[in-house]
């Protein structure tokens, strides 16, 4: 027995109305009656019955029109309409169906058949309303999920913002919601005028894949801005992800550092498809994954070793997530690594990115929303905006009159990059903040000169060609690992002057400092070796060599 | 007339359904039928074939529900006249319907 409900009976014949309403009432339902179609529609609107018995031919408004109006009023709700008819012509039955009729009951009425039909229709109705409820529930859940994602994205956008992805030398393809597919693309200028770019791909989808993006971005932006090397950044990112992410969630990533000043590319790839360094001369070098993804290894087993490539203006670096080779077309085929490399092999150098993008969209036929593709071009250093730190909001008095000296000895030189810490200290002098980029570049230069030439005794002439370049960095690593003695000394002296202030930096090393000839070379035109000193000459207000111990002095002034 | 005047099986199931209200159903049927016959008479007099068809169709339905099979059969013939717009036999059929209805009324009156 179905649940009691209200049944509307629309029938112009009084005896039939009486008979039907008696049958319906005896089955436990409430019967309401109308003598024509117009009355039926009005009654339906007032009483919202769950089922309608509708005579086809009635005065004022027939059953077909009335059914149409009732179905329109019912909207999403299923209100079964059973046509009462002795119509036998097919045409009339078709009209009833067209109007929205769900079933027929022919005269003379039979109590058992009517009971069966009422039961069947009411069961159908309750099934339908269950489906509707569930559909609405799903829609509600989905809406809820989307609104959560919108909120989450707004938060993520603040922290995992795109950084300097809008820089003139970067082009990329990524959907706004790629974050929720686990893809993360970050770029930031380093204080020395280069840039770091991270392409990450977290395991999984949705919010779980996106949560790791926050700590990763914070580490990336924070440490890049302070001038840490990418090896330092990588170690910190790995350790942080390892600590906070559950087992099984990790981040395949490629982190590159583009040193535009020294024309060096450092690459670390853990688990991402090999990107490609496309040289202007047409040769290509894969940027292979040689590591496990971030967030898997314990800090002590993590390998932060980066591959170093020499680069020239016009070279391009392409990175992509596995969403690119895995893009599918309508036939279920994948774009594939081979197709991708073919495009890169055959496209004109200037159109690598465009042709790859075109090939992808031709292949898939639609916008793919779970892939990331980025191209970074090697451009002249001065074409990018110079980074200066904003003055701190702190009203604290700056330390203006002080001097401090640091000696970094062998084991420290091997394992520690002191520059970010020295920078942090220097920038306590608020007035030096606008000069942060200059200072960082100068410190990087003098520190690596002192370490590589003074302490390690490397010959910069090695770097004169591309092959020697790689050899130079290999040699540097080997000698540094084997280092037992040696030191680099940095001395800072800051004083006030009438119009402002003056910072003097003195650098010396265990190798006897700067050769006397170096200052002369600095003014000559040797391509690799002399560049550092020439640059120091340009950046500092004064730059000189102490004849006695070979130490190098740099002086920078600021004015109020 | 080939069909029985009243189908006893229909009547007994109606009595079963209606219980004490059965006389009310009969009364309603009889008074409603008089209206239908009046409508038929007007439609035939004014030669409105669609009206003849609709009124006959409706009357046929309620007759069949009451088990008045002969009456329903006559209504069906009249409905056919209306449907095909050939009203020549209609007055004669109406006369037959009126006679049959009188007979049915008498049977119902006898209980």
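Protein chains in written order, with my numbering: chain B, 1069 to 1628; chain S, 950 to 1060. Every residue, glycine too, gets a C-beta built ideally from N, C-alpha and C.
The straight-line gap separating the alpha-carbon atoms of residue 1468 of chain B and residue 1419 of chain B is approximately 52 Å.
If you look at residue 1012 of chain S, you'll find it in the alpha helix (DSSP H) that goes 998-1014. In the assembly as shown, residue 1260 of chain B is a buried residue. Its beta-carbon has 16 or more other beta-carbons within 10 Å.
The Cβ atoms of residue 1387 of chain B and residue 1336 of chain B do not sit closer than 8 Å to each other.
With contacts defined by Cβ atoms closer than 8 Å, residue 1138 of chain B and residue 1101 of chain B do not form a contacting pair. Listed as beta-bridge partners of residue 1176 of chain B by DSSP are no residues whatsoever. Residue 1619 of chain B and residue 1556 of chain B have their C-alpha atoms spaced approximately 10 Å apart. In this chain, residue 1335 of chain B is not harboured by any alpha helix (DSSP H); it is covered by the beta strand (DSSP E) spanning 1332-1338. Bounds of the beta strand (DSSP E) holding residue 1575 of chain B are 1568-1577. Interface criterion met: the Cβ of residue 1010 of chain S is under 8 Å from a Cβ in chain B. Under DSSP, residue 1258 of chain B takes part in no beta bridge, so it has no partner. Around the Cβ of residue 1491 of chain B, a 10 Å sphere holds 16 or more other Cβ atoms; the residue is buried.
At a C-beta separation below 9 Å, residue 1080 of chain B has these neighbours in chain S: 1007.
Of all residues in the stretch 1098-1127 of chain B, only 1125 place a beta-carbon less than 7 Å from a beta-carbon of chain S.
If you check the CB distance, residue 1376 of chain B and residue 1428 of chain B do not come in under 8 Å. Among the residues of the stretch 1016-1048 of chain S, those with a Cβ less than 8 Å away from any Cβ of chain B are 1016, in the order of the chain.
When C-alpha distances from residue 1007 of chain S are compared across S/994, S/996, S/1031, the shortest belongs to S/1031. Residue 1185 of chain B is outside the set of residues whose beta carbon lies under 8 Å from a beta carbon in chain S.
Per DSSP, reduced to three states, the secondary structure at residue 1227 of chain B is helical. Judged by their CB atoms, residue 1254 of chain B and residue 1288 of chain B are nearer to each other than the 8 Å cut-off. Around the beta-carbon of residue 1215 of chain B, fewer than 16 other beta-carbon atoms lie within 10 Å, marking it exposed.
The Cβ atoms of residue 1329 of chain B and residue 1262 of chain B sit closer than 8 Å to each other. The distance from the Cβ of residue 1621 of chain B to that of residue 1553 of chain B is about 25 Å, inconsistent with a contact at the 8 Å cut-off. In this structure residue 1011 of chain S is buried. Its beta-carbon is surrounded by 16 or more other beta-carbon atoms within 10 angstroms.
Here the alpha carbon of residue 1187 of chain B sits roughly 56 Å from the alpha carbon of residue 1318 of chain B. DSSP places residue 1465 of chain B in no beta strand (DSSP E); its state is neither H nor E. Per DSSP, the beta-bridge partners of residue 1327 of chain B are B/1332. Residue contact check for residue 1090 of chain B against chain S: a CB pair falls below 8 Å. With fewer than 16 other Cβ atoms from the protein chains shown falling within 10 Å of its own Cβ, residue 1542 of chain B counts as exposed.
If you ignore the 5 residues before and after residue 1046 of chain S, its C-beta comes within less than 6 Å of the C-beta of 1023, all in its own chain and listed in chain order. A straight line joining the alpha-carbon of residue 1546 of chain B with that of residue 1312 of chain B spans about 34 Å.
At least one CB atom of chain S sits nearer than 8 Å to the CB of residue 1176 of chain B. If you look at residue 990 of chain S, you'll find it in the alpha helix (DSSP H) that goes 971-994. With a threshold of 16 other beta carbon atoms within 10 Å, residue 1249 of chain B meets it and is buried.
The residue among B/1177, B/1247, B/1349 with its C-alpha nearest the C-alpha of residue 1222 of chain B is B/1247. Nearest neighbour of residue 1380 of chain B by Cα position, chosen from B/1127, B/1565, B/1569, B/1537, turns out to be B/1537.
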